[in-house]
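Written below as structure tokens is the structure these notes are about.
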Amino acid sequence: MRPPKELYYLLAATLAARLPWVFMVPMWEAPDENTHFWVIKFMAENLRLPGPAELTAGGQQSVYVPLPHFGYVPHILALWTLSGVLDPSMAPRFGSLLLSPLMTYFAWWLGRELFPDKKLCALAVPLLVVFHPQLVLVHSYSNNDITSSTIASALLCLSVVIIKRGLSMPLSLLFGFLCGWLALTKYTGYAVLPAVALAYLLAAWIHRQSFVELLKNAITALALTVTIAAPWFARNYQLYDGDFMGTQTMRRNWAQLYNRPLEYYVSPFKILVDRKWWRMMYFSYWGMFGYMTRPLIKPLYWTYTVYLAAAAISLLTAVFKNKAQTIADLRQKIQNPERKTVTHQAIWLVMLVCLLANLAAMILASTGNVGGPQGRYLFTSEVPFLALIVLGLSLTGDLWGKRLLYSLLAFNLIVYIWSWAMLFPIYGFRWKSFG
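Using my numbering, the letters of the sequence shown map in sequence onto residues 166 to 600.
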């Protein structure tokens, strides 16, 4: 079946929205691109992984050496392919750029699955992704966030497939491959794994597959994941005195280079109630450029907040208004699961679990200052978060739902244009990302 024209327009818009940023944002204003680029360049030139010697010799640029590097595969390929045409500092950015249509495609596909009878809602999800200002920035420079979030989105799509079709060995092998690759990209992507595990359980339940069949598929996926990822962690265990993830080595090296405290801990509860933490995470999710030093004007953030609040209130109202009926339906579905009535709710539950796991992981990472409140870490659940906003706004009623969705899409596009207009006079165009 030929894809509809709207998909081609979305993919073209994705590239058009990001290409100018590739040639605009300087390396010193792209978060950690200098450290990402150092690893990419080393692997492309030496055809091997960096180790402790490079960590010591590389200084500030090599602090990511102990962390997984297979999120840079697209960037290394881009550097090999385009280094004769573009400056070596610019070429790897096309690895990010050429991955971005995949994220749009997954958002488009998931939108149609989440909103099968609401075309505007289904289309709103990828449209928000296309012009999401902070996501556009991340898609325009060399980093492993884009690889991690793209694989996570692919895993969400596969989760929907098994919920609708049931478990199968070919799909479990594909899950194993993608989870193995995800494990070697960036740890923030791990937040999708609880959603994948839930999808396996729901698929077996909905399709009345036996426990043995569930176990066989789960072990197959897990075995392939471990086969792909275990050698890296075993290598780290040997090279970095038992630090198999590499995070403690990276943290220690980073603290020494930047004169930061070696010991740092904040309780999860303190972070949970820290208004500044949530505000920074939320603002930087929509758009906070440079090293979190170039924010948008506050009315833009508060306008996003109005849409989010309206969606949340609408969702909660719908849940509590039909609380008794929902509980009765849930009991009936547990006893006699009907595929047509349960599948859609199961898909939404997987999306919700992905978002909640992502938020929990960000809080946990911040306890040791491994990862602060940076909005791009929420891109693992980019599609679930935006889809829930769209769902909430659509529940306000046919008339107001359409008005709110159209206005949100227009507003998001305006913020994208505003962001470009704000940054271009500062950055201009460049053919070298460090020039």
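From the three backbone atoms N, C-alpha and C, an ideal C-beta is built for every residue, glycine too.
For clarity, every value in this text was computed on a predicted model and none was experimentally measured.
- Rounded to the nearest whole angstrom, the CA to CA distance from Lys351 to Ala319 is 15 Å.
- Boundaries cannot be given for Gln374, as no alpha helix (DSSP H) includes it and DSSP labels it neither H nor E.
- Sorting Asp252, His240, Phe271 by C-alpha distance to the C-alpha of Ser261 places His240 at the top.
- Annotated as proximal: Met453 and Pro460, with beta-carbon spacing under 7 Å.
- Phe259 places its beta carbon 7 Å or farther from that of Ala272.
- Assignment of Arg425 by DSSP, reduced to helix, strand and coil, places it in the coil class.
- Distance from the CA of Phe398 to the CA of Leu184, rounded to the nearest whole angstrom, comes to 36 Å.
- Membership of Leu285 in the alpha helix (DSSP H) is indicated by the continuous run 284-295.
- Under the DSSP assignment, Met208 falls in the alpha helix (DSSP H) whose first and last residues are 198-211.
- Scanning His509, Leu293, Ala383 for the CA closest to the CA of Phe550 turns up Leu293.
- With fewer than 16 neighbouring CB atoms inside 10 Å of its own CB, Asn487 falls in the exposed class.
- Per DSSP, Leu349 lies in no alpha helix (DSSP H) and is assigned neither H nor E.
- If the five residues before and after Gly411 are omitted, its C-beta is found closer than 7 Å to the C-beta atoms of Pro231, Leu232, Asn401, Tyr405, all from its own chain and listed in chain order.
- Straight across, the Cα-Cα distance linking Asp439 with Gln299 is about 23 Å.
- One Cα belongs to Leu180, the other to Trp186, and the distance between them is close to 10 Å.
- Rounded to the nearest angstrom, the gap between the Cα atoms of Leu427 and Trp419 is 9 Å.
- Ranked by how close their Cα comes to the Cα of Val228, the residues Thr532, Met527, Thr414 have Thr414 in first place.
- DSSP places Phe271 within a helical segment (H, G or I) once states are collapsed to three.
- DSSP places Met453 within a strand segment (E or B) once states are collapsed to three.
- By the Cβ test, the region 381-396 is in contact with the region 322-339, since at least three Cβ pairs between them sit closer than 8 Å.
- Unbroken alpha helix (DSSP H) stretches of 4 residues or longer found wholly inside the region 525-565: 547-559, given in chain order.
- The three-state reading of DSSP puts Pro233 in coil, since its state is none of H, G, I, E or B.
- Contact between the region 305-323 and the region 345-364 is present: three or more C-beta pairs spanning the two stretches fall below 8 Å.
- Judged by pairs of C-beta atoms under 8 Å, the region 272-282 does not touch the region 429-438, as fewer than three such pairs exist.
- By the 16-neighbour rule on beta-carbons within 10 angstroms, Ile554 is buried.
- According to the DSSP assignment, Glu171 belongs to the alpha helix (DSSP H) that extends over 170-187.
- Per DSSP, the continuous alpha helix (DSSP H) segment holding Glu219 begins and ends at 217-222.
- Distances from the CA of Tyr456 to each of Met445, Leu343, Cys322 were compared; the closest alpha carbon is that of Met445.
- Residue environment for Phe594: exposed (fewer than 16 other C-beta atoms within 10 angstroms of its C-beta).
- Taking a 10 Å sphere around the C-beta of Thr545, we find 16 or more other C-beta atoms and assign the residue as buried.
- Leu212 and Gly341 have their alpha carbons spaced roughly 25 Å apart.
- Positions of the beta strand (DSSP E) runs, each at least 3 residues long and wholly inside the region 295-327, cannot be given because no such run exists.
- Here DSSP, grouped into helix, strand and coil, assigns Arg595 to coil.
- For the pair Trp442 and Pro538, the CB atoms are nearer than the 7 Å cut-off.
- The beta carbon of Ile205 lies closer than 7 Å to those of Tyr237, His240, Ile241, Leu244, Pro257, Ser307 in the same chain, with the five residues before and after it left out.
- When beta bridges are read from the DSSP output, Pro460 appears opposite Met453.
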